[in-house]
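Student: Going by the numbering used here, the sequence shown opens with residue 1, and the numbers climb by one from there. All C-beta atoms, glycine included, are put in the ideal place defined by N, C-alpha and C. All values reported here derive from a predicted model rather than from experimental measurement.
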Amino acid sequence: MRRALLLLLFLAAAPLGALTIDEILSAPFCYELTAAKGRIAWICNDRGARNVWTAEAPKFEPRQLTKFTGDDGVDLGELTISDDGQWIAFTRGGDLEVGGENPNPSSAVETPPQEVWSVALRDGTVRKVGEGSEPRIAGNRVAFTAKKQLMLAPLDGSAKPEALIAATGTRHTLRWSPDGTKIAFVAPRKEHSFVGVVDVATKQVRYLDPSVDRDVAPLWTPDSKQVAFIRIPSRTELFIFAANRSGPPWSIRIADAATGKGRELWRADTGKGSVFRGTDSEDALFWAGDRLVFPWEKDGWTHLYSIALNGGGPKLLSPGDGDVEHVSGDGKSIVWSSNIGDIDRRHVFRDGAAVTSGKSIEWVPVIVGDSVAYLQSDATHPGVPTVNGRAIVPVKKFDFVEPQQVVFPAADGVPIHGQLFLPSRRRDAADPAAGTAAATHPAVVFFHGGSRRQMLLGWHYMDYYANAYAMNQYLASRGYVVLAVNYRSGIGYGMEFREALNYGTRGASEVNDVQGAALYLRSRPDVDPKRIGAWGGSYGGYLTAFALAKSSDLYAAGVDIHGVHDWNNEIKVWAPTWDPSKSEELGRLAWRSSPLAYVDTWRSPVLLIQGDDDRNVSFTETIHLAEELRKRDVPVELLVLPDEVHDFLLHRSWVAVYEATSSFFDARLK
1 MRRALLLLLF LAAAPLGALT IDEILSAPFC YELTAAKGRI AWICNDRGAR NVWTAEAPKF
61 EPRQLTKFTG DDGVDLGELT ISDDGQWIAF TRGGDLEVGG ENPNPSSAVE TPPQEVWSVA
121 LRDGTVRKVG EGSEPRIAGN RVAFTAKKQL MLAPLDGSAK PEALIAATGT RHTLRWSPDG
181 TKIAFVAPRK EHSFVGVVDV ATKQVRYLDP SVDRDVAPLW TPDSKQVAFI RIPSRTELFI
241 FAANRSGPPW SIRIADAATG KGRELWRADT GKGSVFRGTD SEDALFWAGD RLVFPWEKDG
301 WTHLYSIALN GGGPKLLSPG DGDVEHVSGD GKSIVWSSNI GDIDRRHVFR DGAAVTSGKS
361 IEWVPVIVGD SVAYLQSDAT HPGVPTVNGR AIVPVKKFDF VEPQQVVFPA ADGVPIHGQL
421 FLPSRRRDAA DPAAGTAAAT HPAVVFFHGG SRRQMLLGWH YMDYYANAYA MNQYLASRGY
481 VVLAVNYRSG IGYGMEFREA LNYGTRGASE VNDVQGAALY LRSRPDVDPK RIGAWGGSYG
541 GYLTAFALAK SSDLYAAGVD IHGVHDWNNE IKVWAPTWDP SKSEELGRLA WRSSPLAYVD
601 TWRSPVLLIQ GDDDRNVSFT ETIHLAEELR KRDVPVELLV LPDEVHDFLL HRSWVAVYEA
661 TSSFFDARLK
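Here you go:
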């Protein structure tokens with residue numbers, strides 16, 4: 001029965017005829033792969049129903065553990081597995097991206113709570129532990145955070161959760177000591193943070209080597225006596241969404257858990273690499289035998305280095321042009337994903353040796369005994385759990401085109417990478433509205449969000465951009481030439497590209513890439529230069545708005561999904577104390593870096609889309625832009641999603657957004 005269910009979930013092939021939006025979003029999205037003691041676990045989102053799955057060595061046969069159903073908008077994440085592989089815990093509900101009030105995108109009678117759940121692998125029992133988030137397991141107990149408290153509860157539900165800490169502020173990044181007697185955590189404050197340790201038996205708290213800086217990423221020594229952590233100087237000069245290439249150097253410290261006394265273990269050099277740059281992993285420090293592993297941008301790329309606790313210089317573990325992204329280890333060995341050697345993909349490395357290669361894309365590698373597990377995708381199928389090169393679930397493949405790597409000049413000459421999706425000849429023949437293969441086509445430029453993102457030559461590892469990749473393929477199937485642009489300030493091309501001069505709030509230098517993308521498409525003989533559109537979400541919505549505000553002569557229409565239009569308004573979402581009147585020069589520069597400053601030259605029609613419970617981009621961004629465009633008689637269409645958040649939680653919201661996007665482009669560009 002379970003095998004039949006898997007076949008239904010993963011095997012059904014996309015039809016050979018015209019695709020639909022619902023079909024391109026039909027594949028389950030797998031994420032948060034984790035491992036312990038010969039077992040892996042992951043989460044699967046199947047059209048809005050999110051569930052936990054597991055598989056065990058040596059056969060790795062997949063098994064669904066939870067049975068949540070329906071497109072209810074209740075998120076699921078923070079998956080963790082016990083060291084003995086017998087328990088799993090996870091968080092269900094709440095806003096797992098930015099926190100705050102629990103979202104309710106389905107407008108349910110009662111707002112879904114945020115809760116910690118556990119699964120007993122010995123019998124498959126699933127139970128609620130209590131309200132809270134960020135569970136971490138030790139033995140038969142789980143620690144988690146709730147209402148500014150650090151809580152402890154038995155995994156089997158035999159007793160109610162009890163509070164371990166009643167202290168100022170909140171706690172996160174919980175880490176049990178190897179002997180299970182203490183918990184390290186990060187205690188954030190307004191302008192600094194501490195690493196603390198609580199003794200589970202006595203409930204006494206000790207802060208380790210407290211300072212005025214930001215202390216993060218605690219890692220216990222194997223003997224449970226010391227905690228290593230990263231210290232980042234609290235710097236007021238750093239400005240959000242602006243280049244920060246150097247600053248006061250960050251350092252690694254180690255402190256005695258019993259006394260709190262600490263010492264500096266290592267300090268970054270001044271200049272390049274002095275600003276801390278982590279990876280996409282939950283942890284930033286790892287053990288590889290008796291050496292401590294950490295990320296560092298010393299040569300302008302995010303690489304892994306190791307140091308000994310008794311001194312000596314750092315040893316480079318991941319040489320080459322490219323960034324390390326997802327890292328994990330088992331205390332003896334380290335695995336990571338990176339674009340080293342394949343700049344627009346991701347592959348897995350173990351202790352410096354390549355594990356995967358070719359046209360596939362791999363991420364979140366984990367060590368399972370002698371094996372390596374990871375999620376793997378390519379141009380035609382989304383990511384699925386894979387062990388040593390073998391997918392452990394049937395793969396759902398789509399009749400998609402293979403995107404091509406292109407490099408084109410921005411308006412100021414900077415080389416910009418992108419992925420080009422060309423309409424397939426067979427689809428052109430099947431869809432008369434798309435024209436013939438020899439005819440010129442309408443074109444659409446896609447700008448990702450972030451801006452710390454990179455679109456790849458295949459299905460993406462983040463759900464938001466996996467959906468966007470599928471949408472780009474859908475537009476290509478409809479006869480559009482599609483160009484996904486990896487503009488400056490994104491990741492994947494080194495520190496100087498990411499920390500681009502004058503980007504974002506300090507000048508919007510990415511607008512050069514926006515203009516360069518349109519000029520590149522206009523130079524192609526298969527593109528109609530009068531029918532080029534733009535679309536993107538979040539930071540991509542910001543650049544879509546800029547495409548229309550400053551280059552309506554290049555872009556005939558655009559779909560702006562929860563985009564930023566006035567930096568002085570948006571900065572307050574991330575830095576509530578921002579007051580442009582107190583820094584007039586920076587305030588004026590932020591305004592000149594905003595699409596709203598150029599609304600007088602906006603001519604092209606636009607579709608504005610946003611959920612009104614967006615916690616990343618204020619809903620007033622859409623309100624103010626719509627008001628200004630209406631005053632100037634610019635054609636404006638709207639799709640507002642009541643109670644939806646930034647990363648739409650409902651599957652049907654994604655379908656509605658993309659159907660509206662497709663219909664808008666068909667009406668304006670075809």
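ARG506 to SER663, Cα distance in whole Å?
Tutor: 35 Å
Student: Based on the DSSP output, what are the partners of ALA647 in its beta bridges?
Tutor: The sequence shown places Asp at residue 647, rather than the Ala named in the question. ASP647 pairs with nothing; no bridge assigned.
Student: Taking 9 Å as the threshold (C-beta atoms), are PHE349 and VAL335 in contact?
Tutor: Cβ atoms of VAL335 and PHE349: closer than 9 Å.
Student: Are the stretch 560–575 and the stretch 513–532 in contact at 8 Å, needing three or more beta carbon pairs?
Tutor: Contact between the stretch 560–575 and the stretch 513–532 is absent: fewer than three C-beta pairs spanning the two stretches fall below 8 Å.
Student: Cβ of LEU596 within 9 Å of Cβ of LEU625?
Tutor: Yes, the pair counts as a contact, with Cβ atoms nearer than the cut-off.
Student: So, for VAL657: in the same chain, excluding its five sequence neighbours on each side, which residues have a beta-carbon less than 8 Å away from its beta-carbon?
Tutor: ILE561, ILE609, LEU639, LEU641, PHE648
Student: In this structure, how does DSSP classify TRP287 when only helix, strand and coil are distinguished?
Tutor: Three-state DSSP puts TRP287 in a strand.
Student: Drop a sphere of 10 angstroms on the beta-carbon of SER552, count the other beta-carbons inside from all chains shown, and report buried for 16 or more, exposed for fewer.
Tutor: Burial call: buried.
Student: Of the residues TRP459, LEU152, ARG47, GLY490, which one's Cα is nearest the Cα of PRO28?
Tutor: ARG47
Student: Among CYS30, GLU496, SER107, whose alpha-carbon lies nearest the alpha-carbon of VAL393?
Tutor: CYS30
Student: Check each candidate in LEU155, ARG175, VAL186 and name the one with the smallest Cα separation from THR168.
Tutor: VAL186
Student: Could you check which residue in ASN512, LEU586, GLU191, HIS460 has the C-alpha nearest to that of LYS550?
Tutor: ASN512
Student: Might you give, ordered along the chain, the residues of its own chain that have their beta carbon closer than 6 Å to the beta carbon of SER274, omitting 5 neighbours on each side?
Tutor: SER246, GLY247, PRO249, ALA268
Student: With a Cβ-Cβ cutoff of 9 Å, do LEU309 and SER318 count as a contact?
Tutor: no
Student: What does DSSP give as the partner residues of HIS562 in its beta bridges?
Tutor: DSSP lists no partner for HIS562.
Student: Could you check whether the stretch 514–522 touches the stretch 256–268, counting it as contact only if at least three pairs of C-beta atoms, one from each stretch, sit closer than 8 Å?
Tutor: no
Student: Compute the Euclidean distance between the alpha carbons of VAL129 and ASP123, then round it to the nearest angstrom.
Tutor: 17 Å
Student: What distance in whole Å lies between the Cβ atoms of PHE68 and LEU79, which are believed to be in contact at a cut-off of 8 Å?
Tutor: Not a contact, Cβ separation roughly 14 Å.
Student: Can you have a look at LYS182 and say buried or exposed, based on whether 16 or more other CB atoms are within 10 angstroms of its CB?
Tutor: buried
Student: Per the contact definition of three or more C-beta pairs closer than 8 Å, is the stretch 466–486 in contact with the stretch 217–224?
Tutor: no
Student: Is the stretch 397–413 touching the stretch 370–377 in the sense that three or more CB pairs, one from each, lie closer than 8 Å?
Tutor: no
Student: Looking at the secondary structure, which residues open and close the beta strand (DSSP E) in which SER477 lies?
Tutor: Counting along the chain, SER477 falls outside any beta strand (DSSP E), though it belongs to the alpha helix (DSSP H) covering 463–477.
Student: Along the chain, where does the alpha helix (DSSP H) containing TRP567 start, and where does it finish?
Tutor: 567–574
Student: Restricting to Cα atoms, I'd like to know which of SER337, GLY322, PHE447 is closest to GLY329.
Tutor: SER337
Student: Applying the 10 Å Cβ sphere with the 16-neighbour rule, what's the burial state of ALA430?
Tutor: Because ALA430 sits at a pLDDT of 38, beneath the cut-off of 50, its placement in the model cannot be relied upon, and the following sentence gives the value as read from the coordinates. The residue in question, ALA430, is exposed, as its Cβ has fewer than 16 Cβ neighbours within 10 Å.
Student: Any chance you could list the alpha helix (DSSP H) runs of at least 4 consecutive residues sitting entirely within the stretch 511–553, in chain order?
Tutor: The stretch 511–553 contains these whole alpha helix (DSSP H) runs: 511–522, 539–550.
Student: Roughly how many whole angstroms lie between the Cα atoms of ALA517 and GLY492?
Tutor: 19 Å
Student: Are the beta-carbon atoms of PRO178 and SER118 separated by less than 9 Å?
Tutor: Cβ distance not < 9 Å, so PRO178 and SER118 don't count as in contact.
Student: Count the other CB atoms within 10 Å of the CB of SER594; is the residue buried (16 or more) or exposed (fewer)?
Tutor: Counting Cβ neighbours within 10 Å, SER594 comes out buried, since at least 16 surround it.
Student: Under 8 Å from any heavy atom of the ligand HEM, does the C-beta of PHE90 make it?
Tutor: This structure lacks the ligand HEM, and indeed carries no ligand of any kind.
Student: In the DSSP assignment, what are the bridge partners of ASP672?
Tutor: What is shown of the chain runs 1 to 670, which leaves residue 672 out entirely.
Student: Taking the beta strand (DSSP E) that ARG498 falls in, what are its first and last residues?
Tutor: Note, ARG498: premise wrong, no beta strand (DSSP E); alpha helix (DSSP H) at 495–498.
Student: Could you tell me the distance, in whole angstroms, from the CA atom of PRO103 to the CA atom of VAL364?
Tutor: 27 Å
Student: For the beta strand (DSSP E) holding ARG452, just list the boundary residues, first then last.
Tutor: Element bounds for ARG452: n/a, residue is neither H nor E.
Student: Exposed or buried, which one is GLN114 when buried takes at least 16 other CB atoms within 10 Å?
Tutor: buried
Student: Among all the DSSP beta bridges, which residues are the ones paired with LEU152?
Tutor: ALA143, GLU162
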